[in-house]
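Please read the structure below before turning to the comments.
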DNA sequence: AGAACCTAGTTGAAAGATAAACTATTCCGC
DNA sequence: GCGGAATAGTTTATCTTTCAACTAGGTTCT
């Protein structure tokens, strides 16, 4: 095995800032959403994706893809959201294996309330502390990361 | 309550690219470390921080801070790492409440092996797909995020 | 000294995530 | 149209994380 190409000091510094910052940021979002609206970030993400879909519904597999979750995890999370009355599942007529998840009115209302607070948090701890040019760089960079990971499957 | 300051289309796009990318990136790191070395990212992080500390040991609270983990979580994770023989805990002589966690030789050896692979993964899916200027932007941005969150406690 | 308070760390129960196995349906090649 | 492979989604068991409660040692103030 060849000698690994270690990161140089600068790369290391940036990488670590990112790792550290993203952990803390997610933690912040999570605590905020949970305490104010009883939602975890991943539950919130599911509601968002559904709300944007045509007829506010998506097939489970698509939803999993949009929300970057495994199907198993989505199944579990959806069960919880269904128990809370925010989401409803029903069978797909075309494909009898398939299941549609759709947002209930209550789910939509909850999402609207949560989104108002969430956007404030996103601004306070992310958008507002970052130079717009740097934000654009982040957008570019992580789009490239998603591409690269997408390739690898 | 006032009207929330929603993100504009561009901000939204960058924010989402980041959320999506960071989830997938972490997942990738995690699967990689776990399958090749039996370590989760957070376990790895703990070993790294210990390896860099003087005498390869740190007080639990400091370690928790460095690894951005709660103390409870660190306790549990340390117990697992201890069971694997990678870490050892013993009492602090000065402060009888205190506990030092230190890296065992086996822990260090495991970390060395894991780090070689990990750095490759970090390069492949992050460093190498990002323009150096954008990487610097990420470093700046997330340092600011950490600062901002630090302020808020 | 001692009462009230703070800090360090662990623990146990409950919630959430992961991984593998499983059911049911559809697709594909012959 | 039949057998095998692939896909959709759920389930079960297991592991991890979180949260709140708890032990125990230090600090401070009078």
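Protein chains in written order, with UniProt numbering: chain A, 1 to 153; chain B, 1 to 153. For every residue, glycine included, the Cβ atom is placed at its ideal position computed from N, Cα and C.
### Message
Quick check on the burial criterion: 16 or more other C-beta atoms within 10 angstroms. Buried or exposed for residue 90 of chain B?
### Response
exposed
### Task
Taking 8 Å as the cut-off, decide whether the C-beta atoms of residue 118 of chain A and residue 50 of chain A are in contact.
no
### Task
Could you tell me whether the Cβ atoms of residue 123 of chain A and residue 37 of chain A are closer together than 8 Å?
no
### Query
Beta carbon of residue 63 of chain B, beta carbon of residue 101 of chain B: below 8 Å?
Against a cut-off of 8 Å, the Cβ pair of residue 101 of chain B and residue 63 of chain B comes out as a contact.
### Sequence-distant residues of the same chain with beta carbon closer than 8 Å to residue 85 of chain B, five excluded per side
104, 106, 107
### Terminal residues of the beta strand (DSSP E) in which residue 87 of chain A lies
Its beta strand (DSSP E) spans residues 87-91.
### Message
Contact criterion: CB-CB distance below 8 Å. Does residue 148 of chain A meet it with respect to chain B?
### Response
yes
### Message
Determine whether the beta carbon atoms of residue 21 of chain A and residue 126 of chain B lie at a separation below 8 Å.
### Response
no
### Task
Name, please, each residue of chain A whose Cβ falls closer than 7 Å to the Cβ of residue 144 of chain B.
Close to residue 144 of chain B, with beta-carbon spacing below 7 Å, are these residues of chain A in chain order: 129, 130.
### Message
Helix, strand or coil, according to DSSP, for residue 126 of chain A in the structure here?
### Response
Residue 126 of chain A falls in the coil class under three-state DSSP.
#### Entry: Limits of the alpha helix (DSSP H) - the one that residue 59 of chain A falls within
Counting along the chain, residue 59 of chain A falls outside any alpha helix (DSSP H), though it belongs to the beta strand (DSSP E) covering 57-59.
#### Entry: Neighbour list for residue 49 of chain B in chain A, Cβ cutoff strictly below 8 Å
Contacts between residue 49 of chain B and chain A, judged by CB atoms closer than 8 Å, are missing: the closest CB pair is about 11 Å apart.
#### Entry: Distance, residue 72 of chain B Cα to residue 77 of chain A Cα
24 Å
### Distance CB(residue 137 of chain A)-CB(residue 137 of chain B) smaller than 8 Å
yes
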